[in-house]
Amino acid sequence: MSVNFTNGKLYRNTTWSFKANANARHLVRVHFCDFISPSPNTVHFNLYFYRNFTELIDPYGKNGFRVQAVPFHYDFLVKPGSSGLVKISIGVLNASIYQQAYLNGLEIMEIIGSWDSNYMPSEKDNHNVGLIIALVSGSITLLSIFGFAAIFVCKYRKPKKTDMSVWTPLPAFRGGSKLTEQTTHGSAVPNFHLGLNIPLAEIHFATNNFNGKLLIGSGGFGNVYRGTLRDGTKVAVKWSQPGSGQGFSEFETEITVLSKIRHRHLVSLIGYCTEWLEMILVYEFMEKGSLRDHLYNSDFPFLAWKQRLEICIGAARDLNYLHKGVAGGIIHRDIKSTNILLDENYVAKVADFGLSKLGPLDQSQTHVSTAVKGTFGYFDPEYFMTQQLTEKSDVYSFGVVLLEVLCARPSIDPLLPREQASLAEWGITCIKNGNIDQIVDPVLAGQINPNSLRKYGEVAEKCLQEEGKERPSMRDVLLDLEFALQLQQTPLKRKIYGDSATGSSPVFTLSNVRKLPSSSAAMIEEEGVATEGMYSCEMSMSEVFPR
Numbered sequence: 000m001s002v003n004f005t006n007g008k009l010y011r012n013t014t015w016s017f018k019a020n021a022n023a024r025h026l027v028r029v030h031f032c033d034f035i036s037p038s039p040n041t042v043h044f045n046l047y048f049y050r051n052f053t054e055l056i057d058p059y060g061k062n063g064f065r066v067q068a069v070p071f072h073y074d075f076l077v078k079p080g081s082s083g084l085v086k087i088s089i090g091v092l093n094a095s096i097y098q099q100a101y102l103n104g105l106e107i108m109e110i111i112g113s114w115d116s117n118y119m120p121s122e123k124d125n126h127n128v129g130l131i132i133a134l135v136s137g138s139i140t141l142l143s144i145f146g147f148a149a150i151f152v153c154k155y156r157k158p159k160k161t162d163m164s165v166w167t168p169l170p171a172f173r174g175g176s177k178l179t180e181q182t183t184h185g186s187a188v189p190n191f192h193l194g195l196n197i198p199l200a201e202i203h204f205a206t207n208n209f210n211g212k213l214l215i216g217s218g219g220f221g222n223v224y225r226g227t228l229r230d231g232t233k234v235a236v237k238w239s240q241p242g243s244g245q246g247f248s249e250f251e252t253e254i255t256v257l258s259k260i261r262h263r264h265l266v267s268l269i270g271y272c273t274e275w276l277e278m279i280l281v282y283e284f285m286e287k288g289s290l291r292d293h294l295y296n297s298d299f300p301f302l303a304w305k306q307r308l309e310i311c312i313g314a315a316r317d318l319n320y321l322h323k324g325v326a327g328g329i330i331h332r333d334i335k336s337t338n339i340l341l342d343e344n345y346v347a348k349v350a351d352f353g354l355s356k357l358g359p360l361d362q363s364q365t366h367v368s369t370a371v372k373g374t375f376g377y378f379d380p381e382y383f384m385t386q387q388l389t390e391k392s393d394v395y396s397f398g399v400v401l402l403e404v405l406c407a408r409p410s411i412d413p414l415l416p417r418e419q420a421s422l423a424e425w426g427i428t429c430i431k432n433g434n435i436d437q438i439v440d441p442v443l444a445g446q447i448n449p450n451s452l453r454k455y456g457e458v459a460e461k462c463l464q465e466e467g468k469e470r471p472s473m474r475d476v477l478l479d480l481e482f483a484l485q486l487q488q489t490p491l492k493r494k495i496y497g498d499s500a501t502g503s504s505p506v507f508t509l510s511n512v513r514k515l516p517s518s519s520a521a522m523i524e525e526e527g528v529a530t531e532g533m534y535s536c537e538m539s540m541s542e543v544f545p546r
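What follows is the structure, encoded as structure tokens:
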């Protein structure tokens, strides 16, 4: 739970007074549950009775708790005295990282008859603390003040005025996603029965209690932390945050999709956690960050043109596998440069499947009707207008990524002139006018084979056609990108006319370049493994060598 501590001084020290029989002893049970601190072991404070008795409240040190939101209580034997009041206070400690205090519940019970001091714990003999087993009757004052905790949290959080309907507490279900009335307040959690559940304590260990120094990013689902499991595995931990824009539906989809498919160019899901109504996803750690990190607005070293082509080819292989290598196909629906991650060897892997959709299982269907979701700047205009999602929607988004890779600029830049603000529109205009060289990333000057650039521009233009039926399949995109890479690796030849080179002009020849069948066509069987259904890609010679 995210809590705002900026106004913490309002409740640094608080005292409550309750009327009680001045001639009787009372059992006072004080309840605590730390669900307001941002991380474990950051809030501890003192509990006072009449300001002459002090008890340190430190669940992580004294009680040995390692995670938050674990309820606990203390029992005290109190005699009000002549005042006829039971006075209870909480006060902050200067040594506490966050100088806050909390009290979640209180019970005061009058004890009738004698009491046995043997019930008092020996280590508390000077504090009159213990669990009293006695006949409790007569006047019982049961004060349940959980409202105090609610008031504190409301004061601290001051939630933003945003539509929170997209985020709900984790619902309880067994094998499905049906919500029940009890899930909002119940303690049950979903069980996906996948053997991928990771204890919350392990995640706290891996991230050092979600240490801010390990925060590496944030997105639609929440914050992302770098971590290391006890076995030494490096991981990326996504921790869902209220109001982040994505909730249980995306959480469930991510787990369902990634638990069923494997591919070399697909980020692997290591596990998840749903303890204490948390929604946490644990992935393999991608050392080099996202593709976008290496294109603009970062300190990462720039990528050479050959590297960029190889990264695009890797992402295209994965999309081809998703579309054709899984029964029914999977439409990613949120392809963008930040969802293409790079490992230590710059191998591209597609991530973030929270918005993905299974394609139509019935081959007679051509689309899936669904509400429009995705990222501005990458939206397929046809999908946006019709709400009909197809594989070609991913193709359009990938076309925007191709231009990002070429131009090293965002898909939307409102600071540029209107005609240049949209990268897709501006890029298509330049390609059609034969000015593609004018939008190339300046750091690539002199690196790109003109034939490779020309072919690459053709691929991007095809992907960005307004009508989906005019766009190529991801298999065709993959073949063309591999061809562009072959062209890049082919040295330019200059044909000399006459006996002298004087006045001659360079002519780019492709006589030694063949558009061979892509090895990626077989890659669906070699690199991709799906637990449900497979698709075999076969190509005829006419598909490889256009007539």
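For the record, in the sequence shown the residue sitting at position 110 is 109 according to numbering that gives the first Met the number 0, with numbers rising by one throughout.
Idealized CB from N, CA, C, for every residue including glycine.
**Asked** Any contact of the segment 36 to 51 with the segment 206 to 225, i.e. 3+ C-beta pairs under 8 Å?
**Response** yes
**Message:** Between which residues of its own chain and Arg-65 is the CB-CB distance below 6 Å, once the five residues before and five after are set aside?
**Reply:** Against the sequence shown, residue 65 aligns to sequence position 66. The residues are Ala-200.
**Item:** Tyr-49 - DSSP class collapsed to helix/strand/coil
**Value:** Locating residue 49 in the sequence shown gives position 50, where the first residue counts as 1. Note: Tyr-49 maps to coil in three-state DSSP.
**Prompt:** Under a three-way DSSP split, which group does Ala-19 fall into?
**Reply:** Taking the first residue of the sequence shown as position 1, residue 19 is located at position 20. Ala-19: coil per DSSP, three-state reduction.
**Prompt:** How would you call Thr-206, buried or exposed, if buried means at least 16 neighbouring beta carbons within 10 angstroms?
**Reply:** In the sequence shown, residue 206 corresponds to position 207, counting from 1. It is buried - the Cβ of Thr-206 has at least 16 other Cβ atoms within 10 Å.
**Request:** State the Cα-Cα distance for the pair Met-108 and Ala-19, rounded to the nearest angstrom.
**Result:** Reading the sequence shown from its first residue, position 109 is the one you call residue 108. Reading the sequence shown from its first residue, position 20 is the one you call residue 19. Computed Cα separation, rounded: 9 Å.
**Prompt:** Given that a residue counts as buried once 16 or more other Cβ atoms are within 10 Å of its Cβ, and exposed if not, what is Arg-291?
**Reply:** Taking the first residue of the sequence shown as 1, we reach residue 291 at position 292. By the neighbour-count rule (16 or more Cβ atoms within 10 Å), Arg-291 is buried.
**Prompt:** Taking all protein chains shown into account, do 16 or more other C-beta atoms lie within 10 angstroms of the C-beta of Leu-55, making it buried, or fewer, making it exposed?
**Reply:** For this step, residue 55 is matched to residue 56 along the sequence shown. Leu-55 should be labelled exposed.
**Message:** Given a cut-off of 8 Å on the beta-carbon distance, is the pair Leu-484 and Glu-309 in contact?
**Reply:** Looking up residue 484 in the sequence shown gives position 485. Looking up residue 309 in the sequence shown gives position 310. In this structure, Leu-484 sits near Glu-309, with a CB-CB distance shorter than 8 Å.
**Item:** The beta strand (DSSP E) enclosing Val-42, as first and last residue numbers
**Value:** Translated into the one-based positions of the sequence shown, residue 42 becomes position 43. Note, Val-42: premise wrong, no beta strand (DSSP E); not H, not E.
**Item:** Strand pairing of Gly-90, partner residues [DSSP]
**Value:** Counted from its first residue, the sequence shown places residue 90 at position 91. Answer is Asn-12, Asn-45.
**Ala-21 beta carbon less than 8 Å from that of Gly-80** = The residue given as residue 80 occupies position 81 in the sequence shown. The residue given as residue 21 occupies position 22 in the sequence shown. Against a cut-off of 8 Å, the Cβ pair of Ala-21 and Gly-80 comes out as a contact.
**Asked** Hey, how far is the Cα of Leu-402 from the Cα of Ser-451?
**Response** Your numbering for residue 402 matches position 403 in the sequence shown. Your numbering for residue 451 matches position 452 in the sequence shown. Straight-line Cα distance between these residues: approximately 14 Å.
**Asked** In terms of alpha-carbon separation, which member of Ser-421, Phe-75, Cys-272 lies closest to Val-236?
**Response** Taking the sequence shown and counting its residues from 1, the one referred to as residue 236 is at position 237. Cα-wise, what sits closest to Val-236 is Cys-272.
**Request:** Taking all protein chains shown into account, decide if Thr-14 is buried (16 or more other Cβ within 10 angstroms of its Cβ) or exposed.
**Result:** The residue labelled residue 14 in the question sits at position 15 within the sequence shown. Result: exposed.
**Asked** If you drop the 5 nearest sequence neighbours on each side, which residues of the same chain put their C-beta closer than 7 Å to that of Cys-311?
**Response** Position 312 of the sequence shown holds residue 311. Sequence-distant Cβ neighbours of Cys-311 in its own chain, meaning closer than 7 Å and more than five residues away, are Leu-401, Val-404, Leu-480.
**Message:** Pop quiz: Ser-392 and Val-399 are said to be a contact at Cβ under 8 Å. What is the actual Cβ separation, rounded to whole angstroms?
**Reply:** In the sequence shown, the residue the question calls residue 392 occupies position 393. In the sequence shown, the residue the question calls residue 399 occupies position 400. The Cβ separation is near 11 Å, so there is no contact.
**Request:** Decide yes or no for the touch test of the segment 296 to 303 against the segment 322 to 334: beta carbon pairs closer than 8 Å, at least 3 of them.
**Result:** no
**Message:** Between which two residues does the alpha helix (DSSP H) holding Cys-272 run?
**Reply:** The count along the sequence shown starts at 1 and reaches residue 272 at position 273. Note, Cys-272: premise wrong, no alpha helix (DSSP H); beta strand (DSSP E) at 268 to 272.
**Request:** Tell whether a beta-carbon distance below 8 Å holds between Arg-229 and Glu-106.
**Result:** Translated into the one-based positions of the sequence shown, residue 229 becomes position 230. Translated into the one-based positions of the sequence shown, residue 106 becomes position 107. Cβ distance not < 8 Å, so Arg-229 and Glu-106 don't count as in contact.
**Message:** On the DSSP bridge list, what partners appear for Asp-74?
**Reply:** Along the sequence shown, one-based indexing puts residue 74 at 75. Answer is Arg-28, bridged to Asp-74.
**Request:** Over the uninterrupted beta strand (DSSP E) stretch that includes Arg-225, give me the two end residues.
**Result:** Position 226 of the sequence shown, counted from the first residue, corresponds to residue 225. Segment 221 to 227, the beta strand (DSSP E) holding Arg-225.
**Asked** Less than 8 Å separating the beta-carbons of Phe-31 and Leu-84?
**Response** The residue given as residue 31 occupies position 32 in the sequence shown. The residue given as residue 84 occupies position 85 in the sequence shown. No. Outside cutoff.
**Asked** Of the residues Ala-347, Leu-463, Pro-490, Asp-475, which one's Cα is nearest the Cα of Lys-323?
**Response** Counted from its first residue, the sequence shown places residue 323 at position 324. Of Ala-347, Leu-463, Pro-490, Asp-475, the residue nearest in Cα terms is Asp-475.
**Request:** Whole angstroms is fine: what's the gap from Val-349's alpha carbon to Ile-89's?
**Result:** Residue 349 sits at position 350 when you count from the first residue of the sequence shown. Residue 89 sits at position 90 when you count from the first residue of the sequence shown. Going by the C-alpha atoms only, they are around 50 Å apart.
**Prompt:** Would the beta-carbon of Leu-321 fall within 8 Å of that of Lys-356?
**Reply:** Counting from 1 along the sequence shown, the entry for residue 321 is found at position 322. Counting from 1 along the sequence shown, the entry for residue 356 is found at position 357. Cβ atoms of Leu-321 and Lys-356: not closer than 8 Å.
**Prompt:** Taking all protein chains shown into account, do 16 or more other C-beta atoms lie within 10 angstroms of the C-beta of Gly-497, making it buried, or fewer, making it exposed?
**Reply:** Numbered from 1 along the sequence shown, position 498 holds the residue referred to as residue 497. With a pLDDT of 44 at Gly-497, under the threshold of 50, the modelled position of that residue is not reliable, and the figure given next carries that caveat. By the 10 Å Cβ count, Gly-497 comes out exposed.
**Prompt:** For Asp-466, which residues of its own chain have a beta-carbon under 8 Å away from its beta-carbon, when the five flanking residues on both sides are left out?
**Reply:** Residue numbering aside, residue 466 sits at position 467 when the sequence shown is read from its first letter. The sequence shown places Glu at residue 466, not Asp. Hits under 8 Å: Glu-381.
**Message:** DSSP three-state label for Gly-231, please.
**Reply:** Locating residue 231 in the sequence shown gives position 232, where the first residue counts as 1. Coil, per DSSP.
**Request:** Could you tell me which of Gly-328, Tyr-73, Phe-383 sits nearest to Ile-87, measuring between CA atoms?
**Result:** Locating residue 87 in the sequence shown gives position 88, counting from the first residue. Ranking the options by Cα distance to Ile-87, first place goes to Tyr-73.
**Message:** Along the chain, where does the alpha helix (DSSP H) containing Leu-484 start, and where does it finish?
**Reply:** As a first step, residue 484 is located in the sequence shown; it is residue number 485 there, counting from the start. Note, Leu-484: alpha helix (DSSP H), 473 to 487.
**Prompt:** Residues in its own chain within less than 7 Å of Tyr-377 by CB, not counting five upstream and five downstream?
**Reply:** The count along the sequence shown starts at 1 and reaches residue 377 at position 378. Within the same chain, Tyr-377 has close Cβ partners Ile-334, Lys-335, Ser-396, Val-399, Ser-410.
**Message:** What residue range does the beta strand (DSSP E) around Met-108 cover?
**Reply:** As a working note, residue 108 is residue 109 in the sequence shown. For Met-108, the uninterrupted beta strand (DSSP E) segment begins and ends at 104 to 109.
**Prompt:** Does DSSP put Ser-557 in a helix, in a strand, or in coil?
**Reply:** What the structure shows of the chain is the stretch from 0 to 546, and residue 557 is not part of that stretch, so it cannot be assessed.
**Asked** Does the beta-carbon of Pro-413 have 16 or more other beta-carbons within 10 angstroms, so that it is buried, or is it exposed?
**Response** Residue 413 sits at position 414 when you count from the first residue of the sequence shown. Exposed, because fewer than 16 other Cβ atoms sit within 10 Å of the Cβ of Pro-413.
**Message:** Tell me the residue span of the alpha helix (DSSP H) that contains Val-458.
**Reply:** Start at 1 with the first residue of the sequence shown, and residue 458 comes out as number 459. Per DSSP, Val-458 belongs to the alpha helix (DSSP H) from 449 to 462.
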